[in-house]
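Asks: Numbering (UniProt numbering), first residue to last: 1 to 45.
Each residue gets a CB set at the ideal place from its N, CA and C atoms; glycine is no exception.
Computed from a prediction, not measured in an experiment: that's the story for all the values here.
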């Protein structure tokens with residue numbers, strides 16, 4: 001349920017995470033710009 005709601009709100013694009021299995025190179029672009037610690041701080045304000 002959380003995955004559906006967060007994708008619907010535009011908070012996360014889980015399709016990018018699905019593509020990670022196909023494009024897992026060190027030179028690949030990061031999925032998210034912010035580190036998890038920064039996202040956690042912003043979500044819990």
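(1) Thinking residue 7 and residue 14 are a contact (beta carbons under 8 Å), I'd like their distance in whole angstroms, please.
(2) What does a CB cutoff of less than 8 Å around residue 1 pick up in its chain, not counting 5 residues either side in sequence?
(3) For residue 12, which residues in the same chain have their Cβ closer than 6 Å to its Cβ, ignoring the five residues on either side in sequence?
(4) Using the Cα positions of residue 29 and residue 20, report the straight-line distance between them to the nearest angstrom.
Replies: Inspection of the coordinates gives the following:
(1) Counted from its first residue, the chain shown places residue 7 at position 7. Counted from its first residue, the chain shown places residue 14 at position 14. That belief holds up - the Cβ atoms of residue 7 and residue 14 are roughly 5 Å apart, short of 8 Å.
(2) Counted from its first residue, the chain shown places residue 1 at position 1. Result list for residue 1: empty, nothing under 8 Å.
(3) Taking the first residue of the chain shown as 1, we reach residue 12 at position 12. Within the same chain, residue 12 has close Cβ partners 6.
(4) Start at 1 with the first residue of the chain shown, and residue 29 comes out as number 29. Start at 1 with the first residue of the chain shown, and residue 20 comes out as number 20. Going from the Cα of residue 29 to the Cα of residue 20 covers about 10 Å.
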